[in-house]
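For reference, the structure is listed below as structure tokens.
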Amino acid sequence: MRISLILAHPDQESFNHAIARTAVGQLERNGHEVSFSDLYAEDFDPLLTGKEIPKDAFLPEAIRTHCDEISEAEGIIIVHPNWWGQPPAILKGWVDRVVRPGVAYEFLEGDSGEGVPKGLLKADTALVFNTSNTRAEREALVFGDPLETIWRNCIFGLCGVTHFHRRTFGVIVTSTEVQRKAWLDEVREIVDRLFPREHP
1 MRISLILAHP DQESFNHAIA RTAVGQLERN GHEVSFSDLY AEDFDPLLTG
51 KEIPKDAFLP EAIRTHCDEI SEAEGIIIVH PNWWGQPPAI LKGWVDRVVR
101 PGVAYEFLEG DSGEGVPKGL LKADTALVFN TSNTRAEREA LVFGDPLETI
151 WRNCIFGLCG VTHFHRRTFG VIVTSTEVQR KAWLDEVREI VDRLFPREHP
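Spelled out as structure tokens, the structure:
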């Protein structure tokens, strides 16, 4: 199975990077082909320009490569911190530039763009790992857990991904080494459950 994993965190020593490395390792052990993109390491340009908006726009090679990877992926994993109830700007820009019409969704013939688009992504399953310094209860009661809505409904649900899963680890800032090790074990278990070993 072809899995696309997108990481968005600027600190190479972050727990997000540990999550991504752990997930990639488990995917490879299970025999999957992994396309791993560390957006900060790639110096990904998040700025969507006006000339890129049309469906048939000419795309820079780096963006076209990301579009090809996401459209061919049979599974998608996103790893990022919760910043102000949102993904980091670099990841929002990745969504703006890569999760685009003709790649991830399309409007049906005769639709002026006001209707519900048809999802085009091949991936059946999407998994999002988040880190947070806000307790889950406060995130839900005070903020309404906006990341759940963004990824489940506004992005993957819209683009035709049938099965969505999300796990948030926190509170990171006060976590212990023992707790983080247990969380990485959980990452392996979740990845193994959603993307099990390939059988010939």
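Just so it is clear: in the sequence shown, position 156 is 156 by the UniProt record's numbering, and no numbers are missing.
Backbone N, C-alpha and C define an ideal beta-carbon position, used for all residues, glycine too.
Please read these numbers as outputs of a predicted model, since none were measured by experiment.
Residue range of the unbroken beta strand (DSSP E) whose run includes residue i
i      : result
Ile-78 : 75-81
Arg-2  : 2-7
Simplified DSSP state of residue i, which is helix, strand or coil
i       : result
Gln-12  : coil
Val-173 : coil
Val-191 : helix
Pro-101 : strand
His-199 : coil
Thr-168 : strand
Glu-106 : strand
Beta-carbon spacing of residue i, residue j below 7 Å
i       : j       : result
Ile-19  : Val-95  : no
Gly-123 : Gly-170 : What sits at residue 123 in the sequence shown is Ala, not Gly. It is not a contact, given that the beta carbons lie outside the stated cut-off.
Ile-63  : Leu-5   : no
Gly-85  : Pro-146 : yes
Phe-44  : Ile-90  : yes
Ala-23  : Val-191 : yes
Gly-31  : Arg-197 : yes
Asn-82  : Ser-132 : yes
Arg-188 : Gln-12  : no
Tyr-105 : Pro-117 : yes
Arg-152 : Phe-143 : no
Endpoints, the alpha helix (DSSP H) within which residue i is located
i      : result
Glu-33 : Run containing Glu-33: none in the alpha helix (DSSP H); it sits in the beta strand (DSSP E), 33-38.
Asp-68 : 61-72
Rounded distance between the beta-carbons of residue j and residue i, thought under 8 Å
i       : j       : result
Arg-97  : Asn-130 : Going by Cβ atoms, the distance from Arg-97 to Asn-130 rounds to 21 Å, so no, they are not a contact pair.
Val-103 : Ser-71  : 5 Å
Gly-119 : Leu-158 : 6 Å
His-9   : Tyr-40  : 7 Å
Phe-156 : Met-1   : Not really, about 17 Å apart at Cβ, beyond 8 Å.
Asp-38  : Leu-7   : 5 Å
Val-161 : Ala-136 : Not a contact, Cβ separation roughly 24 Å.
Closer than 7 Å to chain D by CB, residue i
i       : result
Arg-188 : No chain D appears in the structure shown, which is made up of a single protein chain.
Next item on the list: For the segment 108-132, list the beta strand (DSSP E) runs that are entirely contained and at least 3 residues long, ordered along the chain.
Entry: Those beta strand (DSSP E) runs which fall completely within the segment 108-132 and span 3+ residues are 125-131.
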